[in-house]
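A.B. asks: Letter 31 of the sequence shown, counting from 1, is numbered 918 in the working numbering, and no numbers are missing.
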Amino acid sequence: MKNKEMKNIDIKKMPENDRRLLAYLKRTNYDKYIEFLSKYVFPNTPSTDQKKI
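1) Could you give the distance in angstroms between the alpha-carbon of Phe-923 and the alpha-carbon of Tyr-917?
2) So does Pro-902 have its beta carbon nearer than 7 Å to some heavy atom of the ligand ZN?
3) Cα separation between Lys-913 and Tyr-920?
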């Protein structure tokens, strides 16, 4: 998928192969999975890494 297409993704509407890839990432590389979600699925939600205490 292209970057512009990735913004505000509805995971349930993703093609089956992409959902399987996300499920695979969730099982094998959780950091990459969270990075993907924070960048493309929830782009306007501040991550905990960006907050300064």
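A virtual CB, placed ideally from N, CA and C, is assigned to each residue, including glycine.
C.D. replies: With the given structure in hand:
1) Rounded to whole angstroms, the separation of the alpha carbons of Tyr-917 and Phe-923 is 10 Å.
2) You won't find the ligand ZN in this model; it holds no ligand whatsoever.
3) About 5 Å.
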